[in-house]
Amino acid sequence: MLSNRIASCSVKRGLHVSASSKDFMSWFRRKQTAKPAAPIKKTEELINEVESGVGGAEAPLNRLKLTDEFFIGKSNLDLDRRERQSRVNEVPFNKWMSSEKLKSSGVLDSILLESYNSTNSEFRAIAIADEKLALPFTDLVFKFHFSKALQSATGTLIPDYQITRLQTPIAFRNYLLKEVVSGKLAKFRESEPNAIELGQGHYSSDSIHVVEDVRFSERKKKLSKILSEVEFLEREAARQAVEKARQAA
Numbered sequence: 070m071l072s073n074r075i076a077s078c079s080v081k082r083g084l085h086v087s088a089s090s091k092d093f094m095s096w097f098r099r100k101q102t103a104k105p106a107a108p109i110k111k112t113e114e115l116i117n118e119v120e121s122g123v124g125g126a127e128a129p130l131n132r133l134k135l136t137d138e139f140f141i142g143k144s145n146l147d148l149d150r151r152e153r154q155s156r157v158n159e160v161p162f163n164k165w166m167s168s169e170k171l172k173s174s175g176v177l178d179s180i181l182l183e184s185y186n187s188t189n190s191e192f193r194a195i196a197i198a199d200e201k202l203a204l205p206f207t208d209l210v211f212k213f214h215f216s217k218a219l220q221s222a223t224g225t226l227i228p229d230y231q232i233t234r235l236q237t238p239i240a241f242r243n244y245l246l247k248e249v250v251s252g253k254l255a256k257f258r259e260s261e262p263n264a265i266e267l268g269q270g271h272y273s274s275d276s277i278h279v280v281e282d283v284r285f286s287e288r289k290k291k292l293s294k295i296l297s298e299v300e301f302l303e304r305e306a307a308r309q310a311v312e313k314a315r316q317a318a
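Sequential numbering of the sequence shown, starting at 70, is according to the working numbering.
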C-alpha cells in the first residue's frame with residue numbers, strides 16, 4: 070500500500086525567471102573596472118609584514134599651508150623688529166659718503182681750501198698754489214681735523230695708513246686726484262682687490278693695444294678659458310712624467 074503511494078507521487082520543481090537586461094555594455098564596463106581580488110595571505114605572512122613594517126598602506130600627506138589668517142595676535146620677534154626699526158628711523162644719520170661729490174679737480178681744490186681754512190686758525194690759504202699747503206702739518210690735532218673735514222666734504226673715505234703717510238695738505242690733494250678723480254676708485258671691486266687695471270699709457274709700443282672697457286662676462290669667460298688650458302697642460306705634464314717613470318722602470 071505504501072509503495073503504491075510513493076509511485077503515484079510526482080516531484081515538481083519551481084522555475085524562477087528574471088527580467089531580461091538589455092544594457093550589456095554597462096555590465097561589460099563593470100567587469101573592466103572591477104578591482105582584482107587580492108590574494109589571500111597566510112596568517113604567518115601577515116604577522117611578519119606587520120612586525121617588519123613592509124607592505125603597510127601609506128596614507129597621503131596633506132600639508133596645510135599656513136597663512137596669517139591662522140594666527141591670532143603678533144609674535145614678539147615681529148614687535149621687537151618694528152620697535153627697533155622705528156628707533157633707527159628716528160636717528161638722524163649723517164650719510165656723508167658719496168661718489169657724486171668729487172667730480173673734477175676744480176671741485177677738489179675748492180673743498181681742500183675750505184677744509185684747510187676751517188680747521189686752521191693761524192693761517193688762511195687763498196689759492197691752491199699757496200705755499201702754506203705744501204708745508205707739513207704743525208701738529209696731529211690739526212691734521213686730524215683737516216683730514217676729517219676733507220673726507221666729509223669729498224664723500225670719500227681715506228684709509229688710516231694713507232692719512233699717516235700724507236704729511237701735507239697738497240699731498241692729500243695729489244692722493245685724491247690719483248685715486249678718486251682719475252676714476253681708479255670707481256673701477257675698484259671688493260671681489261677683485263688685486264686686479265690690475267691696465268691702460269694704453271702703460272705701453273709705448275704701437276703694436277700693443279689695450280682694451281680698457283671690457284665687460285665682466287667677457288673677462289670671466291676669458292679667465293675660465295685660461296684656467297682650463299692650464300689644467301690641460303698640468304694633466305699632460307703629469308701624464309708624461311708617469312710615462313717616463315714607467316719606461317725607466
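Every residue, glycine too, gets a C-beta built ideally from N, C-alpha and C. Remember, it's a predicted structure, so these values are computed and weren't measured experimentally.
Residue i versus residue j - alpha carbon distance
i    : j    : result
R153 : E159 : 10 Å
L302 : L296 : 10 Å
Q316 : K291 : 38 Å
E183 : K212 : 14 Å
I116 : A107 : 17 Å
K253 : N189 : 30 Å
E312 : V299 : 20 Å
V176 : L245 : 11 Å
H214 : E248 : 21 Å
A318 : R308 : 15 Å
A76  : T102 : Note on A76: pLDDT 49, under 50, position unreliable in the model; the coordinate value appears next. Rounded to the nearest angstrom, the two C-alpha atoms are 54 Å apart.
S168 : P161 : 21 Å
H271 : K289 : 23 Å
A306 : S121 : 57 Å
T269 : S155 : Rather than Thr, the amino acid found at residue 269 in this sequence is Gln. Between Q269 and S155, the C-alpha separation is close to 52 Å.
Y185 : D199 : 12 Å
E138 : E114 : 49 Å
I227 : R234 : 11 Å
R304 : K294 : 16 Å
K134 : E287 : 44 Å
Reference residue i; option with closest CA among the options
i    : options                : result
W165 : V250, T223, S286, E287 : T223
L181 : R98, E113, R242, P105  : R242
Neighbourhood of residue i by C-beta, 7 Å cutoff - its chain only, sequence neighbours within 5 removed
i    : result
S221 : W165
D208 : none
I232 : S216
F192 : K201
S174 : L246, V250
Proximal residues to residue i (C-beta, below 6 Å), its chain only, five neighbours per side dropped
i    : result
I197 : D178
K170 : T223, G224
L267 : V279
N194 : The sequence shown places Ala at residue 194, not Asn. Cβ within range, chain order: L182, Y185, K201, L202.
Own chain residues within Cβ distance below 8 Å of residue i, not counting five before or after
i    : result
S187 : A218
L71  : At L71 the pLDDT is 48, less than 50, meaning the model places this residue with poor confidence and gives no usable figure here.
Quick test of the definition: if touching needs 3 or more C-beta pairs under 8 Å, does the segment 267-284 touch the segment 234-241? At 8 Å Cβ cutoff, the stretches do not touch.
Three or more beta-carbon pairs under 8 Å between the segment 188-204 and the segment 139-148, yes or no? These segments do not touch.
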